[in-house]
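In what follows, a structure is listed as C-alpha cells, so that the remarks can point back to it.
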Amino acid sequence: MDKGILRIIDANLNRLLEGLRVCEEIMRFIVLDKNLTLRFKNLRHDLTGLTKKWKIKDDQLLGSRDSLADIGKPSIKEELKRQDYQDIFFANIQRAKESARVLEEFSKLKNKRVSAGFKDIRYRLYQIEKDSDSKIRNIRGN
Numbered sequence: 014m015d016k017g018i019l020r021i022i023d024a025n026l027n028r029l030l031e032g033l034r035v036c037e038e039i040m041r042f043i044v045l046d047k048n049l050t051l052r053f054k055n056l057r058h059d060l061t062g063l064t065k066k067w068k069i070k071d072d073q074l075l076g077s078r079d080s081l082a083d084i085g086k087p088s089i090k091e092e093l094k095r096q097d098y099q100d101i102f103f104a105n106i107q108r109a110k111e112s113a114r115v116l117e118e119f120s121k122l123k124n125k126r127v128s129a130g131f132k133d134i135r136y137r138l139y140q141i142e143k144d145s146d147s148k149i150r151n152i153r154g155n
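Going left to right, the sequence shown walks through residues 14 to 155 as the working numbering numbers them.
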C-alpha cells in the first residue's frame with residue numbers, strides 16, 4: 014500500500030482513538046454517566062477489533078509515520094481555544110467523526126467490509142453525540 018495512504022490511515026486511527034478517549038474521560042470523570050462512558054469505551058474497543066480485520070500491520074503504520082516532518086502539524090488558532098471541558102468534548106467528538114469518515118473512505122481501497130465497519134462507527138458516533146449533548150449542556154447551564 015502507498016506510504017501516503019498508510020500515513021493517512023495511521024494519522025486518522027490515532028486521531029479517532031484519541032478523540033474517543035478524551036470524550037470517554039469527560040463522561041467518566043466529569044459528567045459521571047456510566048452508560049455513555051461504557052458506550053465510548055465499547056466504540057474504542059470495536060474500532061480496535063475492526064482495525065485487526067483490515068490486515069494492515071502495526072509496523073507498516075509505524076514505518077510510514079513521519080510526525081516531525083508532517084506539514085499539517087502546526088495548530089491553528091481555533092485548536093488552541095478551549096473555554097471549558099464542554100468545548101474540549103465537542104472538539105474531540107467532531108475530530109472523531111471526521112477521522113471515521115476518512116477511514117471509511119480509504120478503507121474502500123483495501124476492504125469494503127472494513128469500510129462498512131467504519132461507516133457503522135461513524136453513525137454510532139452521531140448517535141452518541143446526540144445522546145451526550147443534553148448531558149453536557151445541562152452541566153454547562155445552556
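Ideal placement from N, C-alpha and C gives every residue a C-beta, glycine not left out.
Residue i versus residue j - alpha carbon distance
i	j	result
Ser121	Lys110	One point to set straight first is that residue 121 is Lys, not Ser, in the sequence displayed. Rounded to the nearest angstrom, the two C-alpha atoms are 17 Å apart.
Val44	Arg57	19 Å
Tyr136	Lys16	28 Å
Ile22	Asp59	17 Å
Arg114	Lys66	18 Å
Asn155	Leu29	For Asn155, the predicted model reports a pLDDT of 49, less than 50, meaning its position is unreliable and no value from the coordinates is stated.
Gln99	Gln140	17 Å
Asp46	Lys125	35 Å
Ile149	Leu51	16 Å
Asp97	Gly32	16 Å
Phe53	Cys36	7 Å
Ala24	Glu117	14 Å
Arg34	Leu26	12 Å
Ser147	Leu138	15 Å
Ala129	Phe42	32 Å
Ile134	Lys143	14 Å
Asn55	Arg108	18 Å
Val127	Arg20	18 Å
Three-way DSSP call (helix, strand, coil) for residue i in this model
i	result
Gln96	coil
Met161	The chain is shown from 14 up to 155; residue 161 falls before or after that span and cannot be answered.
Lys132	helix
Asn124	coil
Leu19	helix
Asp46	coil
Buried/exposed call for residue i, threshold 16 Cβ in 10 Å
i	result
Arg151	The residue you asked about is not Arg; residue 151 is Asn in the sequence shown. The residue is exposed, with fewer than 16 neighbouring Cβ atoms inside 10 Å.
Asn105	buried
Gly62	exposed
Test item: CB-CB of residue i and residue j under 8 Å
i	j	result
Ser145	Leu49	yes
Ile39	Phe102	yes
Phe131	Ile18	no
Met14	Lys123	yes
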